[in-house]
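*Asks:* Have a look at the structure that comes next, please.
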Amino acid sequence: PPYVYDGKVVIEETGSSPKTMTTGENTHDFSTTNVQVEGVDEMDIVKTDGEYIYLARNDMLYIIKAYPWQNATILFTMEMNYTIRGLFLSADRLIVLGTSYTSPPFRPYLYRFPGSGVAEIYDTSSKDNPVKVSRIDLEGTIFDARMVEDHIYVITTESPYVLIKKDNTSTTITPPEIIVNGERIKIPPEKIYHPPESQYDCIMTYVTAIDITNGTVTDDMAVITGATTTMYASHSNLYLACIDYGVYHILESDDSLVYETTLDKKVKEKTIIYRISMKEGKIKYACHGEIPGRILNQFSMDEHGSFFRIATTSGDVWNGNSTNGVYILDMKLQIVASLENIAPGERIYAVRFYGDRAYVVTFRNIDPFFVLDLSNPYHPEILGELKLPGFSTYLHPYDESHIIGIGRETTNSSYGQTIITGLKISFFDVSDPENPVEISREVIEGESIICPALWDHKALLFDRDKHLLVIPVTKEHLFIKAMTSDREEVYTSIPFSGVYVYSVGPSSGVIYVGKVPQNDSMSTVNRILYIDNVLYTISDGKIRMTDLSTLRVLGDINLPIHSIHSAAGDLVKILRQS
């Protein structure tokens, strides 16, 4: 049904269906992690199955009874011997990924140990007493991971070890290995790849495939790469991106400007891409390629059909020589077409590939919003451009004709400087791609607003079916408290930390509904989800529950500050408000 807030908006559009959960005779829906590719789950610090919330905070794991909200309680807490990086959830399997800073048994003689990866799988059939199914110790620290169907693919990275055992005169290097439930498994030499012509020999990147049902490793491999900065995953391929900034960046600034003009283009900054195929728990190194420029984040990459698309920025904005490009590569990672020299003098702030189109935001003084046609991968073209103040750092498709942008509102000072004046939510109509229009915008005023959704897409909640957009916001209001005897103004800062709630839809655009304070002195809101008609806003100190229809706070689930090994049955104080 449509949502009506304070009589302000009635929405008639329909969208994709959220996940549903059946408990007894009742069926209710719930939100999931905001991911880039549908069907490819991303690890996160919060997961829900529509009845329970699974939460990771540093080295603590919580399982919380969340639905119905009147019976909310912390069922289980456990302190891990490693720092948790993220979780996956599939039916009654909870996968916990983290980094341990205790030297593992397969590398006992280290001068400096940066940490090793850990993957643990739990059977959560009994929520208040989950059972460990498997523990896997991995070479390197956790970089990222994806889950496709019944397998997770974990990427870990490490620099070479410095061995200090003086009586060891052997020149033989021990092959990397993993430990599965105490059993050592070496990565065979034929699964360690050093791509031809690769200039990188300082970083080892490991990919491990794990069956989440039985907790076994189904495949693993290693690739000698540069420092992996970003990864993207489709249903059948992993793409690892490494940035080579070029040798001129190590020179003195004055010399670099001169020397840069004499360098061959191949020596300048570029992005190296490695493709690794994955299918039903099997992984295989496929190929690598390179393109000019540096990548921004995972949304700068996309696989569509039998082509790989990527957007980069080359050069520096500060000296005016920057430019941007979109490149289309085949499955051998060879460039088949490109659009270069997009918005010279600016850099990319946001990218989103969606079907046969790409949407690119660049910025220096104003925000050009570009619509690119990639329907013919051999002849891409720019269809339309919209210039407006401010810029978006995250783009989210609403549907094929509309895009949501979240970013900063800006203005220019009398000296020509760009000044941030607030947080901006834009709603773009791209039904006519040659003439994109910003049909609606909402601005939260304030120069120093903190909004994790600007750099972390998992921090926001969007549900098209509910026409719901919720973002975390921390800001300060400054007002005159008093006037001293010397007529000096005394200011007092009243901070707000919580979430802003919006209704979004093509007919109404973006409409501010209201805000919910978190009142957590420990931290800001970093995750948001809903179960049925209750909004759950999560910070380090608490989970706040709010009625979505009225934005009335229903209660808080207070999270223990100190490690507690057994909090089963702890009742949570529910603040019933009339």
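Under my numbering, residues 18 to 595 are what the sequence shown spells out, in order. Virtual Cβ for every residue (Gly too), placed ideally from N, Cα, C. Source: prediction; values computed, not measured.
1. If we define contact as Cβ-Cβ less than 8 Å, is residue 51 a contact residue for chain B?
2. Please list the terminal residues of the continuous beta strand (DSSP E) segment that includes residue 319.
3. Within 8 Å, do at least three Cβ pairs link the stretch 353-368 to the stretch 409-418?
4. How long is the line joining the alpha carbons of residue 375 and residue 390, rounded to whole angstroms?
5. Nearest-angstrom Cα distance between residue 108 and residue 44?
6. If residue 331 and residue 286 are in contact, beta carbons under 8 Å, what's the gap, nearest whole angstrom?
7. Buried or exposed, going by whether 16 or more other CB atoms sit within 10 Å of the CB of residue 164?
8. What distance in whole Å lies between the Cβ atoms of residue 334 and residue 362, which are believed to be in contact at a cut-off of 8 Å?
9. Could you check the C-alpha separation between residue 489 and residue 208 for me, to the nearest Å?
10. Applying the criterion that 16 or more other CB atoms from any shown protein chain within 10 Å of the CB defines a buried residue, is residue 349 buried or exposed?
11. Among the candidates 229, 302 and 329, whose CA atom is the shortest distance from the CA of residue 254?
12. The beta strand (DSSP E) that contains residue 309, what's its start and end?
13. Which same chain residues end up closer than 7 Å to residue 261 when comparing Cβ atoms and leaving out the 5 residues on each side of it in sequence?
14. How about residue 444 and residue 425: are their beta carbons less than 8 Å apart?
15. For a test of the three-state rule: what should DSSP assign to residue 469, helix, strand or coil?
16. Residue ranges of each beta strand (DSSP E) run of no fewer than 3 residues wholly in the stretch 531-579, ordered along the chain?
17. Specify, as a first and last residue, the run of the beta strand (DSSP E) that residue 229 falls within.
18. If we ignore side chains and look at the alpha-carbon of each, how far apart do residue 198 and residue 47 end up?
19. For residue 337, collect the residues of the same chain with a Cβ closer than 7 Å to its Cβ; drop the 5 residues on either side in sequence, then sort them by chain order.
20. Cutting at 7 Å between CB atoms, please list the residues of its own chain near residue 142, excluding the five before and the five after it.
21. Between which residues of its own chain and residue 454 is the CB-CB distance below 6 Å, once the five residues before and five after are set aside?
22. Rounded to a whole number of angstroms, what is the C-alpha to C-alpha distance between residue 543 and residue 476?
23. Can you grab the Cα-Cα spacing for the pair residue 195 / residue 292, in whole Å?
24. Hey, could you find the ends of the beta strand (DSSP E) residue 431 is sitting in?
*Replies:* Walking through what the data contain:
1. In the structure shown, chain B cannot be found, because there is only a single protein chain.
2. Per DSSP, the unbroken beta strand (DSSP E) holding residue 319 starts and ends at 318-321.
3. Flag = yes, the stretch 409-418 and the stretch 353-368 touch.
4. Each residue's Cα considered, the two are about 7 Å apart.
5. Rounded to whole angstroms, residue 108 to residue 44 spans 17 Å at the Cα level.
6. Under the criterion of beta carbons closer than 8 Å, residue 331 and residue 286 qualify as touching, at roughly 6 Å.
7. Buried.
8. Right, their Cβ atoms sit about 7 Å apart.
9. Computed Cα separation, rounded: 43 Å.
10. Its Cβ having fewer than 16 others within 10 Å, residue 349 is exposed.
11. Ranked by how close their Cα comes to the Cα of residue 254, the residues 229, 302 and 329 have 302 in first place.
12. For residue 309, the uninterrupted beta strand (DSSP E) segment begins and ends at 299-309.
13. Take residue 261, set aside five residues on each side of it, and the residues of its chain with a beta-carbon closer than 7 Å to its own are 243, 286, 287 and 289, in chain order.
14. For residue 444 and residue 425, no; Cβs fall outside 8 Å.
15. Per DSSP, reduced to three states, the secondary structure at residue 469 is helical.
16. List check, beta strand (DSSP E) in window: 544-548, 551-555, 559-564 and 570-575.
17. That residue, residue 229, is in no beta strand (DSSP E); it is neither H nor E in DSSP.
18. Each residue's Cα considered, the two are about 34 Å apart.
19. Cβ within range, chain order: 362.
20. Same-chain partners within the cutoff: 109.
21. Closer than 6 Å at Cβ, skipping near neighbours: 446.
22. For residue 543 and residue 476, the gap between their C-alpha atoms comes out near 6 Å.
23. Here the C-alpha atom of residue 195 lies approximately 22 Å from the C-alpha atom of residue 292.
24. Note, residue 431: premise wrong, no beta strand (DSSP E); not H, not E.
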